[in-house]
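Asks: Quick one: this structure, given as structure tokens, is what I'll be asking you about.
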Amino acid sequence: MAANSSSDRQRAAQQRLQIIAGHLQRPTNYQPDITAAECKAQEGNPNVSNEERTVPRRRQDIMKWNGWGYSDSRFLFNKKGQAEFTGKRYRLSGMIIPGLKDWMEGTFGASLQHKAPATPILNSTAVQPATINEAFVEEVKATTIPFSVEAEDRVFRAHGHCLHEIFALREGKIGRVPDMVVWPSCHSDVVKIVELASKHNVCLIPYGGGTSVSSALECPPEETRSIVSLDTSQMNRILWIDEKNLTAHVEAGIVGQDLERLLNESGYCTGHEPDSMEFSSLGGWVATRASGMKKNIYGNIEDLVVHVKMVTPRGVIEKSCQGPRMSTGPDVHHFIMGSEGTLGVVTEVTLKIRPMPEYQKYGSVVFPNFEQGVACLREVAKQRCAPASIRLMDNEQFKFGHALKPQVSSIFTSFLDGLKKFYITKFKGFDPNRLCVATLLFEGDHEKVLQHEKQVYDIAAKFGGLAAGEDNGQRGYMLTFVIAYLRDLGMEYYVIGESFETSVPWDRVLDICRNVKARIIRECKDKGVQFPPLSTCRVTQTYDAGACVYFYFAFNYRGLSDPIHVSEQVEHAAREEILANGGSLSHHHGVGKLRKEWMRETVSDVGLGMLKSVKDYVDPNNIFGNRNLL
Amino acid sequence: LGELDILEERRQSGDLSHALRTFSPQPYKEKPPCSASDLSKRTLESQYLQYVFKEIATESSLSMEEVKEDARLLLEEMSQNLQLGFIRLMGYTLSKVFKRLYTNIYVNMEGLNMLQQAIQESPVILMPTHRSYIDFLIISYVLFTYDIPVPVIAAGLPLAGMKLVGEILRRSGAFFIRRSIGSDKLYWAVLSEYVKTIVRTGFAPLEFFVEGLRSRTLKSVPPKLGMMHMVLEPYFKGEVFDITLVPISISYDRVLEESLLAHELLGIPKPKETTKGLFKATKVLQEDYGCMHVNFGQPLSVRELCQGKINRSQYNLTPRQVKTSYLKHLVTLTVFRIQEEGSYISPWSLMACVLLQCPTSTLTERGMVWSELKDRTLWLKKLALRFGAHLRWPEQVSDQNVLLSMVALHHSIVAHKGDRVCLVREEVPIRKHRLSAEEEVNRTAVAMLMLASYRNQSLHIFLRPAMLATVIQVTKSTQRDELFTFFCFLKEILSNEFIFVPGKSTQDFEEACFLMKDCGAILFSPEEVTVTEAGQEVVSFLCAFIQPFIRSYQVMNTYVILVCYYTTNKNNISEKEFHLAVRSFVVKLILSGELQTYEALSSDIQKNVLSALRTLGSLLELEKIFTHSLLLTS
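Residue numbers (my numbering), protein chains in the order written: chain A, 232 to 861; chain B, 86 to 719.
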């Protein structure tokens with residue numbers, strides 16, 4: 232024990248040194264124009280780490296305007312007809328993926344001969360001219376907060392990443408877009424903007440990372456006022472770290488990867504890792520009640536938030552202290568979390584932080600069938616011994632993951648793979664068309680991780696599970712980060728797809744998976760989809776009383792006159808099926824405008840009335856007019 | 086039509102090779118196959134039964150183990166033990182029996198193909214009509230012949246008690262349900278879990294007769310809903326994606342147990358099902374029963390049937406084991422409608438309609454003139470076709486011969502005498518010299534009720550127009566509103582007698598109007614309905630068609646009111662006493678010539694009147710009915 236605590240002290244000292252060293256460094260690409268208006272926050276806190284920013288004001292410089300992620304990273308079929316992932320950013324970057332072509336052809340009936348290319352560049356003339364509220368613009372100018380009315384900037388902030396949004400952009404179709412974009416750099420900038428917007432009756436739509444999949448960023452077409460997109464991306468500093476209480480006070484525009492990287496430099500992490508963490512922002516997490524992959528250790532966003540500051544048309548809402556729990560009536564944080572930009576802008580958040588884990592280990596287990604897999608996850612949840620992450624993919628997704636295996640470098644590895652396959656299917660008698668795989672991620676100190684690992688594998692064995700190696704596990708998690716890039720590739724070849732999620736009690740997990748997948752297949756057939764769709768799911772989170780289930784569906788749309796309408800109908804039917812089977816409207820994506828129609832039945836008449844009365848009090852003139860949720 | 090006579094092939098090739106054919110049907114895709122004993126094991130270990138065991142153990146003084154053991158025994162008594170070998174044995178035997186009994190067994194291939202598809206997609210429930218003992222194994226026989234998974238069949242427990250035969254049935258896929266379960270909680274739980282497990286696992290198609298008992302009157306009888314409830318629950322609770330219901334109508338030219346049924350209706354109990362009884366019954370095998378038609382209906386998706394009618398999320402907030410009530414009624418009734426529409430009627434049923442409209446005394450004494458019977462039947466044939474009936478009318482044969490063959494086939498009911506046709510009555514036992522007047526009535530009644538049963542086969546075709554015709558005749562009104570109101574009233578009274586889908590009165594009325602207009606009997610505008618000159622004949626036929634029911638209802642109402650109003654001391658009489666009393670009351674009326682129809686003697690109608698009175702309730706309602714029945718008499 233004594234040895235332990237002394238090493239702890241040593242480590243803490245080292246970390247402090249690191250932090251101080253960080254403070255002494257000047258940021259390399261310091262842009263003075265952005266912080267032209269001085270921010271109080273910065274004044275009061277000189278100890279700010281102001282590192283390199285991932286997200287510039289001109290998102291178009293590094294990101295695609297009509298697809299997912301970075302411009303330099305995408306899947307393509309090279310001249311040999313092999314799939315390849317470009318760029319240098321990911322583990323998969325620069326690799327050949329030999330199985331993908333066959334999988335795409337076999338699963339969707341897609342063909343490399345039939346391409347559906349996207350409109351290459353954004354045509355500014357297709358963008359509606361901006362409706363400018365002159366008085367508002369004049370006063371914003373006076374504050375020196377940067378803004379833009381350029382078409383490209385506006386289009387970038389008019390959408391999230393729903394299929395219909397991206398598909399329309401690829402076709403060069405652009406609907407209602409914000410009339411103006413502003414970039415506040417701190418809390419007080421936001422206060423000023425919200426005051427001006429209220430004064431001039433301008434509609435504000437907060438914009439964080441732009442990764443919404445609920446149509447939350449779509450401008451209501453019926454909105455006649457000038458719409459201003461409030462882009463928080465430049466509010467991206469960690470204002471302070473409190474090592475006594477293990478909290479960090481962070482500006483809400485910071486994106487996940489920056490937050491983790493910066494905290495890691497100080498030896499800490501939040502452990503909050505949603506699949507979108509490369510691009511999604513802290514404010515967005517709070518506004519949608521996000522969930523992270525490793526919530527089993529670190530908790531979901533509602534468990535991590537200690538203090539929130541939100542600017543509303545009524546003024547600023549925040550708590551007066553940082554007590555870890557309070558009995559002071561309904562928790563006002565819960566009006567903020569999940570408000571989806573309808574009440575105000577989250578500007579600063581105090582989050583719990585943890586020392587970085589000493590050791591991480593991936594793992595995977597193969598089960599003879601999905602039923603056994605779910606039974607195993609349930610048992611793990613029952614014994615409350617879930618690793619940082621545990622996910623169960625169904626057979627279709629297992630095959631999908633398999634198709635994404637990069638070319639192996641040595642004959643030995645491929646021999647080993649063959650041997651594994653033989654062992655599982657022939658020796659153990661697993662049916663390759665029924666087996667499924669769970670991916671695991673363990674985190675903590677070395678010894679405990681190994682102990683924990685053994686416990687989980689022992690449970691898995693009781694349900695017929697066979698350990699299937701770290702590689703399979705790691706690849707499973709990689710899939711999450713590249714799946715959105717893959718959708719872009721599909722769209723090049725007449726394949727469109729969407730994902731959605733739900734949470735459901737344990738006893739209904741199997742039923743909901745079966746029924747929703749079957750409903751998707753039936754609906755596609757009824758709607759005239761020529762080739763059977765991909766309809767697959769995975770259980771991504773476990774809780775005491777239930778699980779979170781994620782569905783993917785994709786289909787070849789050749790021969791359909793309005794593929795997006797079909798896809799929306801299918802998703803709608805699938806959601807109806809989820810609700811009929813005891814699933815929730817959303818586990819972490821939020822409601823936005825996409826799922827609004829079900830809010831009343833979800834929270835009851837009175838519940839909806841309560842939410843409305845809060846909106847009416849906080850924002851009587853509907854300044855935050857994105858019309859999400861209610 | 087794509088109908089095939091399955092006996093034709095049997096007559097050409099050996100029965101043994103048929104019985105030993107390769108049988109490798111395409112099963113339900115979702116689940117790997119499991120054995121009959123697995124099925125029982127899963128049932129016993131289910132969460133629901135564990136929950137019920139605990140409940141029962143707490144309520145009673147039994148231990149958990151004892152309750153479990155009781156359940157195991159119940160399951161043993163109940164469960165089927167489907168074995169291919171016995172299916173083959175059954176196939177062999179039935180080939181022999183069917184060839185002897187029937188000239189043809191027609192099966193619609195289209196329906197069979199749809200069934201084959203459906204079985205792979207989702208759990209399938211086969212719902213045949215039940216008019217004869219023969220229904221019981223014919224489906225298995227057909228499915229075996231066409232390489233489709235053979236069903237497990239819900240059967241009454243008395244069948245299991247038959248020596249040897251019970252076990253053979255069990256191994257041919259029958260599972261056995263007690264007749265009166267009452268409030269035996271454990272039994273209900275075990276039975277429902279067993280049925281649900283069959284559905285959930287897609288073990289095999291599940292066959293059951295929605296009507297529960299054989300219909301003694303050859304019309305659809307109100308459904309037994311308990312079974313329906315169990316079958317549908319897995320869908321409502323989301324345990325299966327969908328369930329497919331396949332209505333099957335089995336129609337007979339001549340029903341094997343026709344006279345037995347008529348006797349039962351007159352209050353003579355049916356013989357107990359024993360193996361010995363079965364062998365005694367072999368004498369019925371000497372006769373010719375004409376054709377049988379097995380019509381596999383369009384498979385119905387429960388999911389589609391309930392679309393928009395039921396909110397499944399209402400079950401989200403309770404644990405799975407909590408009981409709930411569903412729209413099973415609606416589902417069942419819809420199935421009935423489709424079943425009726427798909428069932429075929431024979432020329433004999435039309436002849437029965439015509440014969441029943443001739444005064445009974447004429448029928449029993451001089452008989453009906455053949456040419457009149459023939460002309461009327463041919464006229465009715467046209468009307469039936471207009472109304473959309475599926476008629477089985479041999480084409481190569483002259484009408485004269487068709488009708489003659491029908492009379493020959495039904496020699497137990499009618500006989501040709503010179504140029505007339507008259508009713509055949511039961512032979513008088515030699516020992517008896519003279520029959521009492523009452524016994525005479527009974528003799529005639531047996532034949533008349535058999536005739537009525539055959540008429541009932543075409544009931545669904547004429548019922549709605551007949552109600553409209555009656556309404557027009559009674560009210561003498563042309564106002565559509567008024568007619569509709571009275572139509573609904575009539576429907577309400579008769580709702581125990583006939584099957585109507587609830588909430589569809591408007592459609593029923595519209596349908597009746599449309600059919601009557603289509604055949605030129607009426608003209609109608611949004612406000613008025615008028616009978617055409619040419620339509621008089623149709624209207625009077627239709628009124629006469631439904632008259633026996635209406636007269637029987639009136640008589641019984643009168644009786645009930647007499648009892649209730651004027652004999653205050655007789656408030657409580659048992660149902661059995663009621664039947665006896667009504668019967669003697671009716672016999673008196675018949676003898677005095679006040680009542681023409683013998684159908685008022687049928688215990689079936691008597692029961693239905695009682696339930697109608699029960700549902701309609703208070704004496705106030707009774708008065709209303711009374712006044713209306715006076716109206717109807719006019």
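By construction, the Cβ of each residue, glycine as well, lies at the ideal position given by its N, Cα and C atoms.
Look at the alpha carbon of A/V481 and the alpha carbon of A/E533, and state the distance between them as a whole number of angstroms.
Replies: As a first step, residue 481 of chain A is located in the first sequence; it is residue number 250 there, counting from the start. As a first step, residue 533 of chain A is located in the first sequence; it is residue number 302 there, counting from the start. Computed Cα separation, rounded: 16 angstroms.
Asks: In whole angstroms, what is the alpha-carbon distance linking B/I172 and B/F229?
Replies: Stepping through the second sequence from its first residue, residue 172 of chain B is reached at position 87. Stepping through the second sequence from its first residue, residue 229 of chain B is reached at position 144. Spanning the two alpha carbons is a distance of roughly 8 angstroms.
Asks: Is there a Cβ of chain B sitting closer than 7 angstroms to that of A/G838, yes or no?
Replies: Within the first sequence, numbered from 1, the residue matching residue 838 of chain A stands at position 607. No - not a single Cβ of chain B is within 7 angstroms of the one on A/G838.
Asks: Got a sec: which bits of the stretch 313-333 of chain B sit with their beta carbon under 9 angstroms from any beta carbon on chain A, in order along the chain?
Replies: Taking 9 angstroms as the Cβ-Cβ cut-off against chain A, the residues of the stretch 313-333 of chain B that qualify are K322, G323, E324, V325, F326, D327.
Asks: State the DSSP-derived secondary structure class of B/Q681, mapped to helix, strand or coil.
Replies: Position 596 of the second sequence, counting from 1, holds the residue named residue 681 of chain B. Coil.
Asks: Please classify A/M294: does DSSP put it in a helix, a strand, or coil?
Replies: Working through the first sequence from its first residue, we reach residue 294 of chain A at position 63. Strand.
Asks: In angstroms, rounded to a whole number, what distance separates the CA positions of B/N166 and B/P236?
Replies: Taking the first residue of the second sequence as 1, we reach residue 166 of chain B at position 81. Taking the first residue of the second sequence as 1, we reach residue 236 of chain B at position 151. Rounded to the nearest angstrom, the two C-alpha atoms are 11 angstroms apart.
Asks: So if I threshold CB-CB distances at 7 angstroms, which residues from the stretch 371-404 of chain B count as touching chain A?
Replies: Per Cβ criterion, the list reads R397, S398, N401.
Asks: If the cut-off is 7 angstroms on Cβ atoms, which residues from the stretch 798-819 of chain A count as contacting chain B, listed in chain order?
Replies: Listed in sequence order: L810, A811, N812, G813.
Asks: Cα-Cα, which of A/I548, A/H564, A/V747 is closest to A/P555?
Replies: Start at 1 with the first residue of the first sequence, and residue 555 of chain A comes out as number 324. Checked all of A/I548, A/H564, A/V747; the closest Cα to A/P555 is A/H564.
Asks: Could you tell me which of B/I646, B/Y177, B/A500, B/Q135 sits nearest to B/Y99, measuring between CA atoms?
Replies: The residue you call residue 99 of chain B lines up with position 14 of the second sequence. Residue identity differs from the one stated: residue 99 of chain B is Gly in this sequence, not Tyr. Out of B/I646, B/Y177, B/A500, B/Q135, B/Y177 has the C-alpha closest to the C-alpha of B/G99.
Asks: Using the three-state DSSP reduction, which class does B/K467 fall into: helix, strand or coil?
Replies: For this step, residue 467 of chain B is matched to residue 382 along the second sequence. Note: B/K467 maps to helix in three-state DSSP.
Asks: DSSP puts A/Q772 in a beta bridge; with which residues?
Replies: Taking the first residue of the first sequence as 1, we reach residue 772 of chain A at position 541. Looking at the DSSP assignment, A/Q772 forms a beta bridge with A/C779.
Asks: Taking DSSP as the reference, what is the three-state secondary structure of B/K655?
Replies: Counted from its first residue, the second sequence places residue 655 of chain B at position 570. Per-residue confidence for B/K655 stands at a pLDDT of 49, beneath the threshold of 50, marking its modelled position as unreliable; no derived number is given.
Asks: Just the chain B side, please: which residues come within less than 7 angstroms of A/A749 by C-beta, in chain order?
Replies: Looking up residue 749 of chain A in the first sequence gives position 518. Here the neighbours are F326.
Asks: Opposite B/Q564 in the DSSP bridges: which residues?
Replies: Numbered from 1 along the second sequence, position 479 holds the residue referred to as residue 564 of chain B. Per DSSP, B/E613.
Asks: How is A/C667 classed by DSSP in three states: helix, strand or coil?
Replies: Working through the first sequence from its first residue, we reach residue 667 of chain A at position 436. Note: A/C667 maps to strand in three-state DSSP.
Asks: Using the C-alpha atoms, what's the distance from B/S696 back to B/S521?
Replies: Residue 521 of chain B sits at position 436 when you count from the first residue of the second sequence. Residue 696 of chain B sits at position 611 when you count from the first residue of the second sequence. Rounded to the nearest angstrom, the two C-alpha atoms are 32 angstroms apart.
Asks: Using DSSP bridges, identify the partner residues of A/R622.
Replies: Here the question's residue 622 of chain A lines up with position 391 in the first sequence. Answer by DSSP bridge pairing, in chain order: A/T670.
Asks: I need the DSSP call for A/N276, collapsed to helix, strand or coil.
Replies: Locating residue 276 of chain A in the first sequence gives position 45, counting from the first residue. At A/N276, the pLDDT of 43 sits below 50, so the modelled position is not reliable and the matter cannot be decided from this model.
Asks: Rounded to whole angstroms, what is the Cα-Cα separation between B/A240 and B/I262?
Replies: Here residue 240 of chain B corresponds to residue number 155 of the second sequence, with the count starting at 1. Here residue 262 of chain B corresponds to residue number 177 of the second sequence, with the count starting at 1. The straight-line gap from Cα to Cα measures roughly 6 angstroms.
Asks: Could you give the distance in angstroms between the alpha-carbon of A/P599 and the alpha-carbon of A/W737?
Replies: As a working mapping, residue 599 of chain A is identified with position 368 in the first sequence. As a working mapping, residue 737 of chain A is identified with position 506 in the first sequence. Going from the Cα of A/P599 to the Cα of A/W737 covers about 20 angstroms.
Asks: Please report the distance separating the alpha-carbon of B/L686 from that of B/V694.
Replies: Counting from 1 along the second sequence, the entry for residue 686 of chain B is found at position 601. Counting from 1 along the second sequence, the entry for residue 694 of chain B is found at position 609. Distance between the alpha carbons of B/L686 and B/V694 is about 12 angstroms.
Asks: List, in order along the chain, the chain B residues whose C-beta lies closer than 8 angstroms to that of A/D534?
Replies: Counting from 1 along the first sequence, the entry for residue 534 of chain A is found at position 303. Simply none; closest approach about 25 angstroms.
Asks: Straight-line CA distance for B/Y539 to B/S434?
Replies: Position 454 of the second sequence, counting from 1, holds the residue named residue 539 of chain B. Position 349 of the second sequence, counting from 1, holds the residue named residue 434 of chain B. Roughly 5 angstroms separates the two Cα atoms.
Asks: Suppose only complete runs of 4+ residues qualify. What are the alpha helix (DSSP H) ranges in the stretch 543-630 of chain A, listed by chain order?
Replies: DSSP runs (the alpha helix (DSSP H)) wholly in the stretch 543-630 of chain A: 564-567, 601-613.
Asks: Can you tell me whether DSSP reads B/K248 as helix, strand or coil?
Replies: Working through the second sequence from its first residue, we reach residue 248 of chain B at position 163. Correct three-state label for B/K248: coil.
Asks: I need the straight-line Cα distance from B/G258 to B/S109, nearest angstrom please.
Replies: To locate residue 258 of chain B, count along the second sequence from 1; it is residue 173. To locate residue 109 of chain B, count along the second sequence from 1; it is residue 24. Roughly 17 angstroms between the two C-alpha positions.
Asks: Within 8 angstroms, do at least three Cβ pairs link the stretch 120-129 of chain B to the stretch 197-214 of chain B?
Replies: With a cut-off of 8 angstroms, the stretch 120-129 of chain B and the stretch 197-214 of chain B do not count as touching, because too few Cβ pairs lie within range.
Asks: Note down the Cα distance separating A/L825 from A/S379, rounded to an integer number of angstroms.
Replies: By 1-based counting over the first sequence, the position of residue 825 of chain A is 594. By 1-based counting over the first sequence, the position of residue 379 of chain A is 148. So the two alpha carbons sit approximately 28 angstroms from each other.
Asks: In angstroms with no decimal places, state the Cα-to-Cα distance between A/A692 and B/R95.
Replies: By one-based count along the first sequence, residue 692 of chain A stands at place 461. By one-based count along the second sequence, residue 95 of chain B stands at place 10. Near 54 angstroms, if we compare the C-alpha coordinates of B/R95 and A/A692.
Asks: So which residues of chain B does A/N746 contact, with C-beta pairs closer than 7 angstroms?
Replies: As a working note, residue 746 of chain A is residue 515 in the first sequence. Chain B residues near A/N746: G323, F326.
Asks: Quick one: is A/Y848 buried, meaning 16 or more other Cβ sit within 10 Å of its Cβ, or exposed?
Replies: Your numbering for residue 848 of chain A matches position 617 in the first sequence. The residue in question, A/Y848, is exposed, as its Cβ has fewer than 16 Cβ neighbours within 10 Å.
Asks: Relative to the alpha-carbon of A/H683, which residue among A/Q591, A/M294, A/D462, A/Q800 has its alpha-carbon at the smallest distance?
Replies: Mapped onto the first sequence, residue 683 of chain A falls at position 452. Among A/Q591, A/M294, A/D462, A/Q800, the Cα nearest to that of A/H683 is on A/Q591.
Asks: Beta-carbon within less than 7 angstroms of B/C438's beta-carbon, same chain only, minus the 5 sequence neighbours each way: which residues are those?
Replies: For the purposes of this step, residue 438 of chain B is taken as residue 353 along the second sequence, with counting starting at 1. Closer than 7 angstroms at the Cβ level, and outside the excluded window around B/C438, lie L465, R540, S543, F630.
Asks: When the Cα atoms are used, what is the spatial distance from B/V671 to A/E832?
Replies: For this step, residue 671 of chain B is matched to residue 586 along the second sequence. For this step, residue 832 of chain A is matched to residue 601 along the first sequence. Using only the alpha carbons, I get a separation of about 58 angstroms.
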